[in-house]
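Trainee:
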Amino acid sequence: MADAYIFDAVRTPRGIGKSKGALYTVRPTDLLTTSLRALQERNGFDTAEVEDIVIGCVTQTGEQGTCIARFAGLEAGYHFRAPGMTVNRFCASGLQAVNQAAASVAAGWSDLVVAGGVESMSRVRMGSDVGAMFDPAAQWRVGSVPQGISADLLATLRGITREQADAFAAESQALAAAAQQAGRFDKSVIPVRDECGLAILERDEYLRPGTTAEGLAKLNPSFQMMGEQFAVDALTRRTYPHIDRINHIHTAGNSSGIVDGAASVLIGSLEKGKALGLKPRARVRAAVSTGDEPVLMLAGPLPATRLALKKAKMALADIDLFEVNEAFAGVALTFMQEFDVTRDKINVDGGAIALGHPLGATGAVLLGTLIDALEARNLSTGLVTLCIGGGMGTATIVERV
Amino acid sequence: MMTTKTTQNGAIGLAIDDAKIATLTLQHASGANKVDGAFGAALNEAVTWLGQQKNLSGVIIASAHKDWSVGADLEMLYKARDAAAFFENVRQLQQVYRALETCGAPVAAALTGSALGGGFELALSCHYRVALADGRIKLGLPEVLLGVIPGAGGTQRLPRLLGFQAAADIILQGKSLRPDKAKAAGLVHELKDSAEAVIAACREWIKANPKATQPWDAKGFKFPAPRPGSEQARDMLLVGAAMLHKKTAGAYRAPEAAIRAVAEGAHLDFDRALEVEARHFVKLVVGDQSKDMMRALWFHKNAADKQQDLPKTDTADFTKIGMLGAGMMGAAIAWSCAERGYQVVLKDIKQESLDAGYAHCKALTETRCKHLDQAQRDQILARITPTLELGKLEGCDLIIEAVFEDPELKRRVIEETQGLLAANGVWASNTSALPISDQAKAAKDPQRFIGLHFFSPVEKMPLLEIIAGEKTDDETIARCLNFCKRIKKTPIVVGDGYGFYTTRVFFSFILEGAQLIIDGQPPALIEWAARAAGMPVGPLQVFDEITLSLVTHALPQAKKYVGDRLPQQACEMVEKMVAEGRAGRAAGAGFYDYKSGRRDGLWSKLAAFASGSAATKTTEEIGERLLLAQAVEAVRCVEDGVIKRYRDADVGGIFGVGFAPNRGGPLSYLDRLGIDNAVQKLEALAKTCGPRFTPPKLLVEMAKSGRRFYDAV
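Sequences listed follow chains C and U, in order. Counting from 1, one number per residue, gives the positions in the first sequence under our numbering. Counting from 1001, one number per residue, gives the positions in the second sequence under our numbering.
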């Protein structure tokens, strides 16, 4: 089996995913073309050589419907010989795109693939694709609840408190602000511009520097009303009959931000890179997805991490840095609790609580963030993982070269 | 000139007048307009006949019977097991209804009587509905109460008429509405005060609306918001599913299927949407749960209400009732009697108890007689005479005691009051457990001494457990049955013995719940497992409601009569909790914590009572143990002769003490498990949990000889 190399990764800044957000006026296609163009410009490859454009996107309806990967590629000026495919593995879609591209290169079936993700949550509302997940039949047969309920259930089962979640969130804000201030994101964040070239957004805008745990403690739980008044908590009892009361600890302040953004990653074989004059930044050591219990849903990073380590023939100690998507503080805290990972190794430049979680893009964003962080600290190996709706997990291990 | 004839089988009268308005008169030979094979054939013929009428200007569907249509023939549904054949029948009926609503002429339903289930669905297949404004008339879709859903278009027409929310409210709760409420809900268009006026209104509407069609057949039809497939619809269905799950713990198939039929059919062309409904309907009808529910909740319940196979007498029941004890129970019994026209003397020994009891009667009149005017309410209260004087009981022909459950106290009040009874008067003990024959030893006329066990809250609970002591005569039982009918209770008539029937089953349930804590099972799991098995309320919550002290007070007697069948550790735990001031909701603490009277989660220290360290069991295992604990006690009651008719075990179990209605009662449950299988499960439980699970001989013999309690369906 060949190795898949990552030559580069770029991303747009993340804009607040509401009508007040800077990127609200930008079409999702334009978010994606921004990163696709930047990837080509920085690396100078001939887009006719690109054998696929694999893009993660969760809410594939409205402006994000009809295979946005294909049309963003064409609008970005990529050669029409570079095909496009849009994938949906919920919150890990962007990482799934990377993994799929890497797998194709590793199999020897592709030599150069662009992977990435896009989500304009301000323009294409989360859940507006309706779908199979909450269909009544799925309730009777599977039981599925909105993610926030699962996050609170996870915290309840793990004994994670509101105080721990708020403290984690405040630290995420502090780390992200410090990273932004130190310019650690500048290398990979590509400003979004209008057609005149005027900048619309140059830096991540969701951050709230100066956030304190005390301040966060004042926020109301986000999912308590849905869970209790609207009885959604009861749906978890089919699977967790001994939990008669869910501790609703998650708030807007210790959960991921709703944002807009896109990311693109250039992946290929070593030979193709040489031929095109590209310098690899990292090698993909493992790329996996796993399924886990769907009601709890968000514990997916645990089995995904175990499987990735097993496939890479590595131990936890071999990993220098972790990126665990901060969908909810409880998810990252669960990861730390389960694997005994200290805070200085996980999400070292902050995470989605501070920077936002543009659903389909996040996986690709985090992969770039991880490689940047490894480079900045001159470390070698990192693991990125995300929790996923329906109880799945995706994880990727990369090693700098 | 009116032309009249009937369909070949006579089930529908066919008439057409000079104005070319046809009248289809429902006149099922049984005397009630059932939706069955004969009706389906007749309606098919009637619709064909309508198609042959030249210049038809409209159709009125009327009834020759008291009801308009009572809905599906339950005998037929109960026996249906062949999905393919039944599906064909359902589709045919759906298509006939469909042919009626697309016959090209305006169709009006003249609802001069109740229209329920398949009958109400026929009304929904009419373009216009006029109902007689009579509070006795019921309109609605009660199918889910018997384990099925509407199968003749109800799950498709109602949401298209009212939207998801309103339709689901009616279908999921199996609601039947009075005409005024039905009009307010949008189920009928007009109300009229006489049958003639109903027909006249139909005629007028036909004349004014020659082109009437159903909304869903009209061009540009829009499903009432939220639109199917929209986020709002998705959210509404998610919350609907959640609310239902919270209520039923997943124990009931029918309401789940109803949500699915509504959700999955709403997107589709109307004709194909009916097919979706039919598939869900058929699955429920041929499935076990609807059989068990129909057997108990319909056939057995009706037989009990009709007092089939029970002693009868022409002697009037009673006129003046003496009620001893004005506590919650006594006051509510007194009120229930007064409300039904009896003169009642409410006697207590303390003025403050009497005042509180009378105030309770007043409050019941306010909350439960909203349909009556002030004078009528005053009359109810005027029939109640509160008193501290024994002498006021003079001439009562029924005395019911509701004093504390203490044999000595009971003996004393019997001796004090029996002399005041009118000649042939009956003395009744409203005891929940103390054997009637033992009490009757103090009675001068033990043949007229009986147990009338009411359930709390009396005004709401439908059951009356009538206990015949050794010497109680049939005339006394029959008179009490007449009384029972008049106060609108469902009777079970059982033999004597400690706890009779319902209390034995009930104690088995709650004590098993407590014992499961001792065995190391998580309390929240116990509660959920009970509900997931079909119990309306978990054992620990019920325990708190009835108060733990009620049980600890009963324990000395219970131990005397039942002995080793009580789970000893559970009893000790309950005694300890009472000693620690955790006697239940009324005490502000029990198995649950309470915050200003509301449950505030299970008491966190319950697990400390666990003496076992058994592995956590599954929801199914715990649910089964809780049901079997009750079912095995029910079988012992059969064996002991306490239960004389199997139906009493199931009706009494469900309506008295809330045995899982989805299982059709404890005996139906054992039948469904398979007697042989049940015996094996009981033997296994007896080994691990104790002799209370030992399968009774009767059951073992039944298993050996392959017998069941009821014929298999």
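Glycine included, every Cβ here is placed at the ideal spot set by N, Cα and C. All values reported here derive from a predicted model rather than from experimental measurement.
#1: Apart from the five residues on each side of it in sequence, which residues of its chain come closer than 8 angstroms, Cβ to Cβ, to U/Q1541?
#2: What span of residues does the alpha helix (DSSP H) with U/H1245 cover, start to end?
#3: For the 8 angstroms Cβ check, are there 3 or more pairs between the stretch 369–386 of chain C and the stretch 34–42 of chain C?
#4: In chain C, what lies closer than 7 angstroms to U/R1234 by C-beta?
#5: If the cut is a Cβ gap below 7 angstroms, which residues of chain U does C/A234 touch?
#6: Between the stretch 1012–1019 of chain U and the stretch 116–136 of chain C, do at least 3 Cβ pairs fall closer than 8 angstroms?
#7: Examine the Cβ distances between the stretch 1557–1576 of chain U and the stretch 1471–1483 of chain U and report whether three or more of them are shorter than 8 angstroms.
#8: Interface residues of chain B around U/R1260 at Cβ under 7 angstroms?
#9: Would you mind telling me which residues of chain U sit closer than 8 angstroms to C/H242, beta carbon to beta carbon, in chain order?
#10: What's the call for U/V1059, buried or exposed, on a 16-neighbour Cβ count within 10 Å?
#11: Report the rounded CA-to-CA distance for U/V1426 versus U/T1365, giving the unit in angstroms.
#12: Between which two residues does the alpha helix (DSSP H) holding U/Q1630 run?
#13: Closest to U/L1699 by CA distance: which of U/A1108, U/A1200, U/E1633 is it?
#14: Name the chain C residues that come within less than 9 angstroms of U/T1155, Cβ to Cβ?
#15: Please confirm whether U/G1229 has its beta-carbon closer than 8 angstroms to some beta-carbon of chain C.
#16: Please state whether DSSP places C/L278 in a helix, a strand or coil.
#17: Helix, strand or coil: which one does DSSP assign to C/G368?
#18: In the DSSP assignment, what are the bridge partners of U/H1453?
#19: Using a C-beta cutoff of 8 angstroms, does C/A231 count as contacting chain U?
#20: Ends of the beta strand (DSSP E) at U/L1056?
#21: What number of angstroms, rounded off, separates the C-alpha of C/M85 from the C-alpha of U/G1071?
#22: Spell out whether any CB of chain C is found under 8 angstroms from the CB atom of U/A1631.
#23: On the CB-based measure, 16 or more other CB atoms within 10 Å of its CB, does C/N220 come out buried or exposed?
#24: Under a Cβ-count criterion, where at least 16 other Cβ atoms within 10 Å of its own Cβ denotes burial, should C/D349 be classed as buried or exposed?
#25: Could you give the first and the last residue of the continuous beta strand (DSSP E) run that contains U/L952?
#26: Since C/F134 and C/H250 should fall inside the 8 angstroms C-beta cutoff, what is the C-beta to C-beta distance between them, to a whole number of angstroms?
#27: List, in chain order, every chain C residue whose beta-carbon is nearer than 9 angstroms to that of U/V1239.
#28: Determine, using beta carbons only, whether U/L1390 and U/A1428 come nearer to each other than 8 angstroms.
#29: C/D194 lies in the beta strand (DSSP E); which residues open and close that run?
#30: So which residues on chain U does C/G389 lean against when the C-beta distance must stay under 8 angstroms?
#31: Compute the Euclidean distance between the alpha carbons of C/I397 and C/A4, then round it to the nearest angstrom.
#32: Does any C-beta atom of chain C lie closer than 8 angstroms to the C-beta of U/G1612?
#33: Please classify U/D1036: is it buried, with 16 or more other beta-carbons within 10 angstroms of its beta-carbon, or exposed?
#34: Against chain U, which members of the stretch 104–132 of chain C pass a CB distance test of less than 7 angstroms?
#35: DSSP beta-bridge partners for C/V288?
#36: Suppose the cutoff is 8 angstroms on Cβ atoms and the five residues either side in sequence are ignored; what does the same chain contact list for C/T25 look like?
Mentor: Judging by the given coordinates:
#1: Leaving aside the five residues that flank U/Q1541 on each side, the residues in its chain whose CB is nearer than 8 angstroms to its CB run, in chain order, E1527, F1591, Y1592, R1599.
#2: Note, U/H1245: alpha helix (DSSP H), 1231–1248.
#3: Counting Cβ pairs under 8 angstroms, fewer than three are found: no touch.
#4: Those are V130, F134, listed as they occur along chain C.
#5: Chain U residues near C/A234: A1242, H1245, K1246.
#6: A contact between stretches requires three or more CB pairs, one per stretch, nearer than 8 angstroms, and the stretch 1012–1019 of chain U fails this requirement with the stretch 116–136 of chain C.
#7: Counting C-beta pairs with one atom in each stretch, the stretch 1557–1576 of chain U and the stretch 1471–1483 of chain U have fewer than three that are closer than 8 angstroms, which means they do not touch.
#8: Given the protein chain composition of this structure (C and U), no chain B is represented.
#9: Against C/H242, the close residues of chain U are P1522, A1524, L1525, W1528, T1616, in the order they occur along the chain (beta-carbon pairs closer than 8 angstroms).
#10: Around the beta carbon of U/V1059, 16 or more other beta carbons lie within 10 angstroms, which makes this residue buried.
#11: Each residue's alpha carbon lies about 27 angstroms from the other.
#12: For U/Q1630, the enclosing alpha helix (DSSP H) begins and ends at 1619–1640.
#13: Ranking the options by Cα distance to U/L1699, first place goes to U/E1633.
#14: Within 9 angstroms Cβ-Cβ: nothing; U/T1155 doesn't reach chain C, min ~12 angstroms.
#15: At a cut-off of 8 angstroms between C-beta atoms, U/G1229 counts as an interface residue with respect to chain C.
#16: DSSP places C/L278 in the coil class of the three-state scheme, outside both helix and strand.
#17: It is helical.
#18: Note: U/H1453 sits in a beta bridge opposite U/E1465.
#19: Yes, C/A231 counts as interfacial toward chain U.
#20: Per DSSP, U/L1056 belongs to no beta strand (DSSP E) and is neither H nor E.
#21: Cα to Cα, C/M85 sits roughly 55 angstroms from U/G1071.
#22: No, its Cβ sits nowhere closer than 8 angstroms to a Cβ of chain C.
#23: Around the C-beta of C/N220, fewer than 16 other C-beta atoms lie within 10 Å, and the residue is accordingly described as exposed.
#24: Label assigned to C/D349: buried.
#25: Because chain U spans 1001 through 1713 in this model, residue 952 of chain U falls outside it and cannot be assessed.
#26: Not a contact, Cβ separation roughly 19 angstroms.
#27: The answer, in chain order, is M226, F230, A231, V232.
#28: The Cβ-Cβ distance between U/L1390 and U/A1428 does not fall below 8 angstroms.
#29: DSSP places C/D194 outside any beta strand (DSSP E), giving it a letter other than H or E.
#30: Within chain U, no residue comes near C/G389; the closest Cβ sits about 14 angstroms away, beyond 8 angstroms.
#31: Distance between the alpha carbons of C/I397 and C/A4 is about 12 angstroms.
#32: By this cut-off, U/G1612 is not an interface position.
#33: Per the 10 Å Cβ criterion, buried.
#34: Residues G127, S128, V130.
#35: Answer by DSSP bridge pairing, in chain order: C/A395.
#36: Excluding its 5 nearest sequence neighbours in each direction, C/T25 has C-beta neighbours in its own chain below 8 angstroms: I200, listed in chain order.
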